[in-house]
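Colleague: One structure follows; several queries about it will come next.
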Amino acid sequence: MDATANLEGAFPRDLQEIATTRPIYKGSSPYKKKKQPDKQYSESVVFLDFSSIFSTFGYTNPALRHVWFVKDICGIVCAVFTWLLILYAEYVVMFVMLIHESSNIYSFIHGLIFNSLAFLAISSHLRAMFTDPGAVPKGNATKEGIESLGLKKGEVVYKCPKCISIKPDRAHHCSVCQRCIRKMDHHCPWVNNCVGENNQKYFVLFTMYICLISVHALYMAVTHFIFCVGKDWKACSGMSPPATTIFLIFLIFEGMLFGIFTGIMFGTQMSAVCTDETGIEQLKKEERERRSRWLSIKGVFGHPFSIHWFSPFSTPRFLTSEKIYYSV
71 MDATANLEGA FPRDLQEIAT TRPIYKGSSP YKKKKQPDKQ YSESVVFLDF
121 SSIFSTFGYT NPALRHVWFV KDICGIVCAV FTWLLILYAE YVVMFVMLIH
171 ESSNIYSFIH GLIFNSLAFL AISSHLRAMF TDPGAVPKGN ATKEGIESLG
221 LKKGEVVYKC PKCISIKPDR AHHCSVCQRC IRKMDHHCPW VNNCVGENNQ
271 KYFVLFTMYI CLISVHALYM AVTHFIFCVG KDWKACSGMS PPATTIFLIF
321 LIFEGMLFGI FTGIMFGTQM SAVCTDETGI EQLKKEERER RSRWLSIKGV
371 FGHPFSIHWF SPFSTPRFLT SEKIYYSV
């Protein structure tokens, strides 16, 4: 990776130089004493084995043996809270409103739409949460690791002093994950994970589907509330009028709040994808050469354009010219 060689913390070796994000090796070789990642860093991320659970249903996948998971209490609480909000909306839509509708066609159509979108939203959330966002191998900033890059004289690489990793272009260190993440956009507590090179598609889908079910639930709750008022709360629900009112008001509030919130998040993410600029790069006002809009979109969702772009179960496929892996 080419970079300017006149940076502080750059130390020449025979065929390579190493630059750190802070001058911690003043005048001494970084290879004399190998610093290992600290305990906090090592324990911030664990890998779960779900293969035995899914094998009982006849489904086997080697990837299920090594599932990324961030051990952050705040993130776990936010993720569980997200699932509870979806389940609450599911309960109100199905058992407070649709099950008591006089029109079976209306109930079937809206029930099918809402449940399909809710299923896609939860699936997208799980993929965004349990997918490695693009973590740089930890502790690889060793003499052997640098030499394996085959750098020419005068070239430099960047080293993260926090996780002792070679820091590729567009990678940033996450203080929660305690890892350097390739093409990191931000760390989102709602999915308990960083949004990076490998899971940005799933995060975009998550915000889109949550926004859609919020708008859909808001529409159904408002129309059902108007219907109940017009019928003087007779035969509009199996519950008492006060209970029905409370359920509907909370669903209306939830739909408005998260519809606006996720709508803004979805728009922000799509803007970042189209402009090939991450959230961190925008905040730091980093200048760099950017790809075209269409190439940047395919760099996140894959090639070619298909229905798989909207599926959280499909892993993006890329052409060499469409995907730049910011790895070392």
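Numbering (our numbering), first residue to last: 71 to 398. Backbone N, C-alpha and C fix where the C-beta goes; we use that ideal spot for every residue, glycine too. Owing to the predicted nature of the structure, the values given are computational and were not obtained by experimental measurement.
Following the continuous alpha helix (DSSP H) through Y158, name the residue where it begins and the one where it ends.
Modeller: It spans 143 to 161 - the alpha helix (DSSP H) in which Y158 sits, taken as one unbroken run.
Colleague: Can you check which of these residues, F189, G329, V166, is closest to G308 by C-alpha distance?
Modeller: When each option's Cα is compared against that of G308, the closest is V166.
Colleague: Taking the Cβ atom as the reference point for each residue, do A342 and L321 lie within a distance shorter than 8 Å?
Modeller: It is not a contact, given that the beta carbons lie outside the stated cut-off.
Colleague: Check whether the Cβ atoms of F336 and C247 lie closer than 8 Å to each other.
Modeller: No.
Colleague: DSSP on W260, reduced to helix/strand/coil?
Modeller: Of the three classes helix, strand and coil, the one that applies to W260 here is coil, per DSSP.
Colleague: What residues match up with C244 in a beta bridge as DSSP calls it?
Modeller: BP columns for C244 point to R249.
Colleague: Quick one: does S376 have its CB under 8 Å from some CB of chain D?
Modeller: Absent here is chain D; the protein component of the structure consists of one chain.
Colleague: Are the CB atoms of V261 and A149 nearer to each other than 8 Å?
Modeller: Yes; because the gap between Cβ atoms is below 8 Å, this pair is in contact.
Colleague: Is there contact here, the region 227 to 242 with the region 250 to 259, by at least three beta-carbon pairs under 8 Å?
Modeller: Contact between the region 227 to 242 and the region 250 to 259 is present, because at least three Cβ pairs lie under 8 Å.
Colleague: Have a look at L318 and H294 and give me their C-alpha separation to the nearest angstrom.
Modeller: Approximately 8 Å between the Cα atoms of the pair.
Colleague: In angstroms, rounded to a whole number, what distance separates the CA positions of T126 and F120?
Modeller: Their Cα atoms are separated by approximately 11 Å.
Colleague: At 4 residues or longer, what runs of the alpha helix (DSSP H) sit wholly inside the region 151 to 231?
Modeller: Within the region 151 to 231, the complete alpha helix (DSSP H) runs of at least 4 residues are 174 to 200, 213 to 217.
Colleague: Could you name the residues that DSSP lists as bridge partners for F383?
Modeller: Its beta-bridge partners do not exist; DSSP assigns none.
Colleague: If contact is defined by three or more beta carbon pairs under 8 Å, each pair taking one atom from either stretch, is the region 213 to 228 in contact with the region 181 to 200?
Modeller: Flag = no, the region 181 to 200 and the region 213 to 228 do not touch.
Colleague: Under a three-way DSSP split, which group does S284 fall into?
Modeller: Helix at S284.
Colleague: Would you mind working out which of T338, C306, C344 sits nearest S173, comparing C-alpha positions?
Modeller: Among T338, C306, C344, the Cα nearest to that of S173 is on C306.
Colleague: Are the CB atoms of S177 and V140 within a distance shorter than 8 Å?
Modeller: Contact flag unset, no.
Colleague: Sorted by chain position, which residues of the same chain lie with C-beta nearer than 6 Å to R360's C-beta, five sequence neighbours on each side aside?
Modeller: Around R360: D346.
Colleague: How would you label W138, buried or exposed, when you count the other beta carbons within 10 angstroms and need 16 or more for buried?
Modeller: Buried, because 16 or more other Cβ atoms sit within 10 Å of the Cβ of W138.
Colleague: Compute the beta-carbon to beta-carbon distance between W379 and G372, rounded to the nearest angstrom, for a pair I have assumed lies under 8 Å.
Modeller: Rounded, the Cβ-Cβ distance is 7 Å, consistent with contact.
Colleague: Find out if the Cβ-Cβ distance for the pair I192, I156 is shorter than 8 Å.
Modeller: Closer than 8 Å, so yes.
Colleague: Would you kindly check if the distance between the Cβ of L288 and the Cβ of M326 is under 8 Å?
Modeller: Cβ atoms of M326 and L288: closer than 8 Å.
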